[in-house]
Amino acid sequence: MKAVYGLYDDPHVAQQAVDNLRAAGVADADITVISSEPFDHFEFGHRDAATHMPWIATAAGAVGLVASYYLLAAAQMSWPLVTSGMPIVPLWSNLIIIFEMTMLSVIIATVITLLATAGLPSRGGKMYDPEVSDGYILVGVENPTDFARLEPALAIPGGRVKRVES
Amino acid sequence: MDRRHFIKLTAITGTGAALTACGNPEHQLIRFIPEDDLVPGVATWKPTICPLCSAGCGVTARVMEGQAEVFRNGQPGVISMGLAKKLEGNPEDAISQGKLCARGQAAIQITYHPDRLANPRKRTGERGSGQFVDISWDEAIKELVGHLDALAAANSQASLALLTKPRRGRRLDLLAEWLRRFGAPAPVTFELFSDDVLRRANEISFGVAQLPTLDLEQAQYVVSFGADFLGAWNSPVAQSAAYGRMRQSRPGGRAKLVHADARLSQTAANADEFVAIKPGTEGVLALGLAHVIIANNLRPAAAAGRAGAAIDGWATGLTAFTPAAVEQRTGVAAARVERLAREFAAHPPAVALVAGPPLAQSNGLFTALAVNALNALAGSLNTPGGVSFVPQPRPAVATRDLSALLQEAAPKVLLIDDVNPVFASPASRQVAGALMRIPFIASFGSFVDETSALADLILPDHSFLESWVEAVPESGAAKAVPISAGPVMRPLYDTRPTIDVLLDVSRRLATPLAPALPNTFEEFLNREETAGVLRAGDSAPAGQAGAEAPALQYIAPQFDGDPTQFPYHFLPYASQALFDGSLAHLPWLQELPDPTTSAMWCSWIEINEHRAEELGIHQGDVIEVASAHGTVRAAAFLNPGLAPDAVAMPVGQGHTNFTRYATGIGVNPVAILAAAEVSGTTALAWSATRVKITRVGGPDDTLILFGGATRERPEETHGR
Amino acid sequence: MAYRWGMAVDIDKCTGCEACVTACHAENNIPTVGAGQASRGRAMHWIRVERYYEGSFPDVRLKFRPVLCQQCDNAPCEAVCPTYAAHQNEDGLNAQVYNRCIGTRYCANACTYNVRFFNFFNPEWPKPLHLQLNPDVSIREVGVMEKCTFCVQRIKAAKTEATAAQRELVDGALQPACAQACPTTAIIFGDLNDPESRVARLARSPRGTKLLEDLGAEPKITYLQKQPWHEPDAY
Amino acid sequence: MASPSRKIGRAWPNWALAILGLVTVTTAACTFASPGQPSGMAERSRWGTSAVFTPAHATAGDAIAAFFDSRPDTVAQPFDFSHQIHLGKGAVCTDCHTGVEQGPRAGIPTVNTCMICHSQIATDRPLIIKLAEMQEKGLDLAWNRVYDYQPQAHVRFNHAPHVRAEVACSTCHGNQAEQTVARRAVDMNMAFCVNCHKAKQVSNDCLTCHY
Amino acid sequence: MNRTLTKPIADDLVRPLFQTSVWFYAIVFAAATVVACGGAAWGYQVWNGIGSAGIRWPVFWGFYLVNFVFWIGISHAGTLISAILRLVNAGWRRPVTRCAEAITVFALMIGAMFPIIHLGRPWLAFWLFPYPSAREIWPNFRSPLAWDFFAINTYLTGSVLFLFLPMIPDFALVRDRSTGWRRTLYGLLAFGWRGTTRQWNRLESAMQIMAVAILPVAVSVHTIVSFDFSMAAVPMWHSTIFGPYFVAGAIFSGIAALIIAMAVLRKTLGLEKYLLPLHFDNLGKLLLLMCILWAYFVFAERLTVWYGNEPSEMAVFWASQRGRFAPFYWTMVICNFVIPFVILTNYKTRTILGCVIASFGVLIGMWLERFLIIVPSLATKQLPYSWGSYAPQPVELTIMAATFAGMILLYALFSKFVPIIAIWELKAGLPSRLDPALQVETSLLSTRLDTEAFSSEAERADRGQP
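Next up, the structure:
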């Protein structure tokens, strides 16, 4: 993995580094910003914010709803036993389980989507610096084509540039 | 391995690994060849007779094949044999009519009781210490024969006594005959709740010393004076069956039941009208009714005939028993007496019956005579819907009562045939002390109880299911006939039928009894079969035999104990489940909720709920009941159906030595009774004691009630 | 061949003698639990005779009412069981399938009649009391709920016998142990689907009511209320 | 930061003892304070080897084995009775298992049944001599059941109606003509019963078997 | 500039993971011992039979079910509160959410054990799982106990994930600061988290969706727990009010548990800088709100019963109002209403100590409330002949004590291995980090948060430090 990145203490400086990289012709998708907290109010924190996650969750809920209805009905019909004079497939009481299964589908779909889209769990080998945990913001490019062109863009006051070549 | 097993496996892996299989090699018993030819799993029914009370209900036992551990030839082993599984009323039997009471159902547990004696025992320790050693039948019989031979040698055959239950029948006949041939006096019978007073009264009134049969089925109006005829008195199954038909199973509507008592007994609970009355004054009420009937010319006084003649002042219209006078003595309002009398007269056939507490008063004989006279007045004798007497095959054998053992020259050898007078007698009679003085006692019961614990030799009987049984029901059906039945199942243990043992002994004596008695009871029964059978439908010989007695005058009941010091009447009563305590060893009956209280496994003291409130006594509080002769402590049950000046207690608990299920449970109210007799008889006046009560402390959790609230509707609504 | 087993209990005839209770114990292998456990509320009586006092001495009454499983059509116990151990059988019985029972005891709570009993411990019958056990009836182990079955083993045996003999069941020939023992014949058992059966006729009686009828469980036991005595002349 | 932990660490055996002690005390307290089965009645063995009759398993091992329905197919018998030989000689099942047409149980023959034939046949064989001796002493063979249900299954089975319905013995018991000592040839689980009942269109109500 | 602000926060909050006091061992040891006793008691009960407990005819449910409902109620502390606060974006939630959610998870785990502990045959508990256990017979989905299974499992799954997802960045932080086994452990737990903007955005989106999803689940869980009772025609159970009544009670007791947990953490882990009087004040107000709501429900329930005057219900009513359960009832009223109301309405007493006292009252009161719902009703059903009583046995008391000890144990271990305050959320909530427009709103909500905790920020700014 090869990478070049800068570590910045100040999010404003990090924003500047991101801008510099863009100016240096790096595609937005190739710029990686790593931090130990979300920066919702900086432009770099908003990159990649768009997601279909709510829609996926909703769809999963719908699937869960339909599936649990049929699961329950099939289970109740498989050996129809009468209790308390209720119908074999009683909708009122099944609704409770259908609801729970729907919500469970939503939750699990959300988590799976999160893991899938956030690349988790990951086995490492990606650009990272433990100093991020100390509060630095990492702005860098993974597997850059040209270190020389990017380093100046990252080397701005309030930041340190690091290069990984291994 | 399917899904289910897989999940089971995961469920148990953790625990399963920890629990290792620790082997349990069951000791291998040898297996005997079956003696019966039964299809396994298929039930057969065999007739037998319930032995628990004198009613003599014919029952059927459901017999199925099962694996039992038994003794055969002195060796334990397993056998596949026919086992009685359940007792049910015999539909062909005139008494039980296919029905059976709770006690009868539980009789089967006698046979399978874990503490039943399996073989003969001889006393080793001090008398009463309960130390016995198992011996063989040969040794046991030899020992008994030795003692009898010694009596014969000393020419004191009269010092032999036999104590048994007052069960009329051929077994008692044979026992009496055995004694007679040996030269011993008549058998001594004992039963706490005996009906000797009523028999004596019937003899005086009707010339029949016998319990009556009540034709409830056809009666229109029934007045019961304390007779718990639906509970434990006389022939409860037959009486209940008739009661059922009296209530709802016949055309012409439902009869009325009036019950007079000081306590709301189980029978009283079923009455249409409960008449609360002062203890011992029931006879007054009966004569009050008679007075109204005679005075209003509803029936002629002469109609009562001999029964009326037995009452002083009958012929002159019972002038001392006007409703006003009755009210004063009994506490029953005069108008009510008047109304009851008119109803009684207006709804023939009307019948009155008396038993239980009224006859256990000092004036019990008078009370019985008064009720008999009322019946006779109403023309209810030997009529449909009245009282009648079942023809008996032969006169009852002469017997003696317990005082024969206590007062007269004490016997030297006593044979006890499954009776427990030590438990069921007032402590003041000192029965145990009397028995201790008898040199040799042999007991034939199946269990160690307070009495047989004093024996020198215990020769355990077969259970009734294992032996030949017979009964001559004295009452219960219009046309009862003697019944007998063979064993239902083979014996489990090394036991022998008592009567066969005695017959065996009679041949082994140094001078065998002559002329020889039958070899076995079975032989005796089958020999008798053709002889003394009564023709069905024989009418009763009422008003025939028996000596005329002088007319009896009313005397107020005498109570033991000064009313100021002992303000409460003490009313012990036969427990619906445990009867007189002889059934306290049967776990089903111990756990049977008492009908009126729902109590199980305990003794309790009933006290009027309002009186309890005044005294600060709450449900379950421990209270002490003290008579002049002793005290007992038990938990209080607040009973809305008891007179405020009385406390009641069920008899049955308080055993000190009677199997694992009865020992140490509850207290015995009989112990504190005065040893008073019903005047004119030798019967114990068990309802004539006065007591005082003291609250000892809070609940000690001995009051075990199955049921909760005693009232159906919660009383509190809104803010009240 | 569809049966609908029902019962009629004539309160006017019931004397509270409890013969039914012992009969039930004998027939159905119901264990006795002993004084210690009984005092802790573990006694089992599939049928019980409730006693209720009314008024106070001397104007006091005592009512008896045998209560057993009412075999409700809309049984509150059934739906709450998570394992179908309690359900309606084809003959209209409230089946209690012991092997399915995991002991949530929910059914017993839901039962408005409190006629369900629980095996808090393994039952025991000290030898040789176990010889008396009815081989046609299961012995329920610890953790299992049990209740009146209308003597299903008798129903089953009678049906098998009838099938073998190729005939219909005769009304009255089949009785549960309680009805069989009842000295006053206060308990009548039979097929409610047969309009001419004794129980069906009694179920239509004007004296008939159902226990806690307003709760809507539709019990199959009819209680025939006590009929007060009145002078025949009064009519 | 590490020192306290090390100190505690050394004291570990004492901890263990303390916890163990408390656990023991709790169990003991429970034992005494909440009595097990009916007090004052038969002594109850808490550890599963009670001498009194109960449907519980005698040992933990039994319980686990029953939980998994894992039982050996073969059952030890007092001697090796060969079904193959007897059926080969023309005997039929009901000759010895006489109860099968009349009631719930087929019944296992007693020595008397054996001796009906063997008082004449093959009287010189050692096993038959042994049988004759046993009959003389009044002793029976302690056969062990090959087929039965766990008490926990609460299954009631009645042979007679099945025989009447012409279900062949071999359906449930395998071909005994091929077996010497009887062994469990058919796994009689609930599916086995239910499938047959479905096929024959007879009741599959739970109370048909479970009561 | 950023680092100097955030590093001390991270240092403070990570410190408990690396430093262990003797007290920690003492607490863990004591709690573990009690838990072990509970385990032994349960083992005893399984071996001998459920009769070791005090349950009886007709009170077939006793302490076990009381504790079940109680703990499920406590579980409403976290996820529900945290989800609500997350959705309304209440700034002051940030230090509170994780310790609240942890309560949820642990209380649920403890609560969910009770239905198994109380089973007559617990070794067959797996028959409740939705699978065709025997010949195509599934569990009976009409049974409220089957609903419980689904509801509790959904809520537990959701809550565990809701707790775990925001922990991932903090695990990554701990991973980077630790060595040896800790590094391996936290490395595994961190799932290879780096903190890219994509990851942050997805995490925050997921948390929003989860918050939306978990709210109705949380409400449904306690509603379904209430259905365990209200589905049975038992006097004073068969009530439509039970759903909201139970949910309100659950939140009520949950907040109380949270306040106590926070107060303990604040002292033991030295979090005075993060768990401020403000938090207790806010939670105290919430507790007061729930207290009033609870009182309203009790009044509504009791009034309708009293007014309806249905005999069987009146029996239960009076049994608790002035009968044998009255001491418990009035204790409950005092603990649940009088004490919290008096303390919390007065801002002078609504201190940390005051809130803790009120919370203890509420916990006791709410436990009694569960007891008073279950036992008097069962003891006083329709047929008075079947009325009975109930007294717990040592087994039940031991197991109950063990669950409280278990909560302490789990919580102690949790706070030992996980930063008990979400570090990244706290950092992200720093005022300077917020959108200026939002800053106004947040500062209104958390005036004192600004002035007290983050005065250092201002100080540093004054000193001109970066």
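Residue numbers (our numbering), protein chains in the order written: chain F, 1 to 166; chain D, 1001 to 1720; chain H, 2001 to 2235; chain L, 3001 to 3211; chain A, 4001 to 4466.
Here a beta-carbon is modelled for each residue, glycine too, at the ideal position from N, C-alpha and C.
Treat the numbers as computed from the prediction; the structure is a model and nothing was measured.
Under the 8 Å criterion on CB atoms, N94 (chain F) is classed as interfacial with respect to chain A. Straight-line measurement puts the Cα of A2019 (chain H) at about 19 Å from the Cα of V2033 (chain H). DSSP, reduced to helix, strand and coil, places K1165 (chain D) outside both helices and strands of the structure shown, so it counts as coil.
S1388 (chain D) has D:T1213 as its beta-bridge partners, per DSSP. Of the other Cβ atoms in all chains shown, fewer than 16 fall within 10 Å of the Cβ of Y4131 (chain A); this residue is therefore exposed. Taking 8 Å as the threshold, the shortest C-beta distance from K1046 (chain D) to chain H does not fall below it. Residue range A2086 to Q2088 is occupied by the beta strand (DSSP E) that includes H2087 (chain H). At the C-beta level, L1144 (chain D) and L1642 (chain D) stay beyond 8 Å of one another.
The Cβ atoms of L104 (chain F) and G6 (chain F) do not sit closer than 8 Å to each other. With a minimum length of 4 residues, the unbroken runs of alpha helix (DSSP H) contained wholly in the segment 3099-3155 of chain L fall at 3111-3118 and 3126-3137.
Judged by their CB atoms, T1213 (chain D) and F1344 (chain D) are not nearer to each other than the 8 Å cut-off.
Within the DSSP bridge table, the entry for H1569 (chain D) names D:A1646 and D:R1690 as partners.
Under the rule that a run must span 3 or more residues, no beta strand (DSSP E) segment is found entirely inside the segment 4267-4298 of chain A. If you look at R1072 (chain D), you'll find it in the beta strand (DSSP E) that goes G1058 to R1072. Going by beta carbons, L1163 (chain D) and L1513 (chain D) fall outside the 8 Å limit.
Neighbours of E2078 (chain H) across chain F, judged by C-beta separation under 7 Å: T83 and S84. For L2062 (chain H), the secondary structure class from DSSP, reduced to helix, strand or coil, is strand.
For D2073 (chain H), the chain F residues whose C-beta falls within less than 7 Å of its own C-beta are G85, listed in chain order. Legend: CB atoms of the segment 4279-4311 of chain A lying less than 8 Å from CB atoms of chain D belong to residues W4306, N4309 and P4311. A Cβ of chain D is located within less than 8 Å of the beta carbon of V3111 (chain L). Neighbours of S4052 (chain A) in chain D, taken as residues whose beta carbon is under 9 Å from its own, are absent, since the nearest beta carbon is some 18 Å off.
Y2098 (chain H) has a beta carbon lying at 8 Å or more from every beta carbon in chain F. For V1275 (chain D), the uninterrupted beta strand (DSSP E) run begins and ends at E1273 to A1276, by DSSP.
As for any alpha helix (DSSP H) of minimum length 4 sitting wholly inside the segment 4056-4099 of chain A, the runs are 4063-4074 and 4078-4087, ordered along the chain.
For W1045 (chain D), the enclosing beta strand (DSSP E) starts and ends at T1044 to I1049. According to the DSSP assignment, V4395 (chain A) belongs to the alpha helix (DSSP H) that extends over P4394 to F4417. Going by DSSP, A1260 (chain D) is part of the beta strand (DSSP E) stretching over K1256 to D1261. Taking C-alpha positions only, A1084 (chain D) is separated from K3137 (chain L) by approximately 27 Å.
Annotation: the segment 1128-1196 of chain D contains the following complete segments of the alpha helix (DSSP H) (minimum length 4 residues), in chain order: 1137-1153 and 1170-1182. In terms of Cβ geometry, R4121 (chain A) and G2143 (chain H) form a close pair [threshold 8 Å]. Close CB contacts of S1403 (chain D) within its chain, under the 8 Å cut and outside five residues either way in sequence, are with T1682 (chain order). Within chain D, the residues placing a beta-carbon under 9 Å from that of Y4385 (chain A) are S1598, F1706, G1707, G1708, A1709, T1710 and E1712, ordered along the chain. The C-beta of H52 (chain F) has fewer than 16 other C-beta atoms within 10 Å across all chains shown, which makes the residue exposed. If the five residues before and after N1234 (chain D) are omitted, its C-beta is found closer than 6 Å to the C-beta atoms of L1211 and S1475, all from its own chain and listed in chain order.
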